[in-house]
DNA sequence: ATTACTAATTCACGAGTAA
DNA sequence: TTTACTCGTGAATTAGTAA
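Chains as they are written, first to last, in this note's numbering: chain A, 3 to 222; chain B, 3 to 222.
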């Protein structure tokens with residue numbers, strides 16, 4: 003957890019300047035002043051962050067442009083989660099309400115890929131049912147629900163036909179059945195729609211139907 | 003802001019173990035393992051935190067007991083705030099609803115103390131009206147409202163008669179009138195009750211009465 | 001202006017160990 | 001077992017510059 007200690011405050015400084023969502027101009031002199039180190043150290047520390055893939059940057063005599071990577075943003079989120087749990091232990095959001103929506107079969111397609119099935123088995127210990135349950139939730143509620151959960155990542159991979167992106171996963175449960183909430187990074191989906199993966203079919207085993215209400219619970 | 007860089011992760015580790023609200027046993031060996039440093043470094047770093055008054059601790063051959071001070075907790079809250087603003091810029095809570103309650107005149111007593119008046123003038127630039135408006139808010143809402151605001155502190159002081167504790171302050175506004183939300187640390191008050199201080203009387207100038215609704219807005 | 005190299009320096013770290 | 005000291009080493013930092 004604390005291996006990213008040395009990079010954290012640089013990432014935070016970049017995020018403060020908006021580097022989470024876009025590339026920002028950020029000279030090493032400014033960065034140095036904010037952190038209270040020399041320009042030389044700022045330059046070196048930034049390069050260390052790039053080596054660890056926390057940021058992507060381009061720099062030259064015209065200045066530096068920098069943006070946090072997913073991995074870098076993950077560092078900030080992980081610390082945010084720890085802080086939130088420590089500072090406001092009472093306020094952890096333990097459940098998330100949503101509505102079942104139709105997924106047009108992509109869930110089945112993705113869950114048939116060995117690249118994902120293998121990782122789900124390794125990380126979560128079950129053979130995934132070849133299909134997902136798509137759930138629509140309020141995106142702000144989803145955000146704060148997920149902020150309180152430990153995050154795991156399914157890596158992207160390539161097949162002969164195409165390449166598959168990585169996905170963020172969270173252990174949750176529905177009606178006391180453990181399952182995994184998956185947020186694919188690829189394929190811009192509507193805000194607030196997530197996929198649930200389990201060893202079984204939510205529709206067959208638990209009787210969920212389109213437009214039905216569902217409650218997702220945090221586990222652990 | 004980043005002067006506490008070196009201590010932050012130690013404070014976070016202590017908070018994870020519950021050291022925010024109570025004294026926790028925490029051997030330097032454990033701490034070292036969590037941070038990925040040697041026992042010797044953990045011991046030294048902990049001592050640095052004590053010197054900076056981020057923690058209070060007692061240690062000896064039987065082990066170490068440690069608890070975060072207000073100042074130490076303030077470090078974690080400040081970082082939490084920065085993270086929250088960067089990660090979820092949309093979600094900042096900008097206003098807080100509450101109900102005016104009767105304060106039995108202690109507000110007038112405190113606001114008559116030169117020790118507080120001087121600090122309010124220095125920090126906020128106004129002569130405080132000798133009285134406060136007590137407001138009752140939902141304590142969870144209050145917590146998340148304040149988490150998004152920069153915090154300032156009025157120091158405690160001594161008079162011939164008694165000693166006065168320190169207080170946490172936040173710049174806010176009510177009906178577009180800038181004022182200061184004060185949370186005294188002393189004198190256990192009911193959860194969710196705060197005091198508003200301004201250059202004027204809320205009751206006379208704005209017509210607030212007991213049990214009336216009030217909305218406090220974040221400024222800046 | 002910048003960034004970022006190399007060299008000098010410092011100060012943080014951990015080994016050894018006392019209490 | 002603890003905690004925490006001293007001290008040698010080297011990684012991290014800054015100064016001085018080049019580009």
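Even glycine gets a Cβ: it sits at the ideal position worked out from N, Cα and C.
From a predicted model like this one, the values you see are computed outputs, not experimental measurements.
| Asked | Found |
| --- | --- |
| Short-range partners of chain B found in the region 22 to 45 of chain A, where Cβ spacing is below 8 Å | 22, 36, 37 and 38 |
| Close beta carbons around residue 168(A), own chain, < 7 Å, minus the five adjacent residues each side | 155, 156, 157, 158 and 187 |
| Straight-line gap, residue 59(A) to residue 10(A) (C-alpha atoms, nearest Å) | 16 Å |
| Between the CA atoms of residue 41(A) and residue 44(B) - distance to the nearest angstrom | 29 Å |
| Contact the region 12 to 25 of chain A vs the region 77 to 85 of chain B: 3+ CB pairs below 8 Å | yes |
| Complete alpha helix (DSSP H) runs within the region 155 to 209 of chain A (minimum length 4 residues, chain order) | 204 to 207 |
| Three CB pairs or more closer than 8 Å across the region 111 to 119 of chain A and the region 141 to 154 of chain A | no |
| Proximal residues, the region 141 to 161 of chain A versus chain B, C-beta separation under 9 Å | 142, 145, 146 and 149 |
| Pick from 209(B), 74(B) and 163(B) that is closest to residue 6(B), judged by C-alpha positions | 74(B) |
| The region 119 to 129 of chain B in contact with the region 191 to 204 of chain B per 3-pair CB rule at 8 Å | yes |
| Check whether residue 70(A) and residue 13(A) have beta carbons under 8 Å apart | yes |
| Beta-carbon proximity list for residue 185(B), same chain, < 7 Å, skipping 5 on both sides | 169, 170 and 196 |
| For residue 40(B), three-class secondary structure by DSSP | coil |
| Contacting residues, own chain, Cβ-Cβ under 7 Å from residue 193(A) (five flanking each side not counted) | 141 |
| Assumed close pair residue 216(B), residue 210(B) - CB separation to whole angstroms, cut-off 8 Å | 6 Å |
| Alpha carbon of residue 106(A) to alpha carbon of residue 136(A), nearest angstrom | 10 Å |
| Proximal residues of chain B, C-beta to C-beta of residue 84(A) below 7 Å | 14 and 18 |
| Spatial distance of residue 97(A) from residue 151(A) (CA atoms) | 11 Å |
| Classification of residue 88(B) by the beta-carbon crowding that lies within 10 angstroms, buried from 16 upward | buried |
| Min CB distance residue 210(B) to chain A below 8 Å | no |
| Residue range of the unbroken beta strand (DSSP E) whose run includes residue 70(B) | 65 to 70 |
| Simplified DSSP assignment, three categories, for residue 217(B) | strand |
| Extent of the continuous alpha helix (DSSP H) to which residue 117(A) belongs | 116 to 126 |
| Per DSSP, cross-strand counterpart(s) of residue 100(A) | 216(A) |
| Interface residues of the region 63 to 84 of chain B facing chain A [CB-CB below 9 Å] | 75, 78, 79, 81, 82 and 84 |
| Contacting positions in the region 87 to 102 of chain A - beta carbon closer than 7 Å to chain B | 88, 89, 90 and 93 |
| Reduced DSSP secondary structure (H/G/I, E/B, other) of residue 133(A) | coil |
| Under 8 Å between C-beta atoms of residue 221(B) and residue 174(B) | yes |
| Beta carbon proximity, residue 7(B) to chain A, threshold 8 Å | yes |
| Nearest-angstrom Cβ-Cβ length linking residue 101(B) and residue 178(B), presumed shorter than 8 Å | The pair is not a contact, with the Cβ atoms about 20 Å apart (cut-off 8 Å). |
| Separation of residue 172(B) from residue 32(A), as counted between CA atoms | 28 Å |
| For residue 95(A), three-class secondary structure by DSSP | coil |
| Under 7 Å by beta carbon: chain B residues contacting residue 11(A) | 4 and 7 |
| Rounded distance between the beta-carbons of residue 67(B) and residue 27(B), thought under 8 Å | 6 Å |
| For residue 211(B), three-class secondary structure by DSSP | coil |
| Residue 60(A) - containing beta strand (DSSP E), residue span | 57 to 62 |
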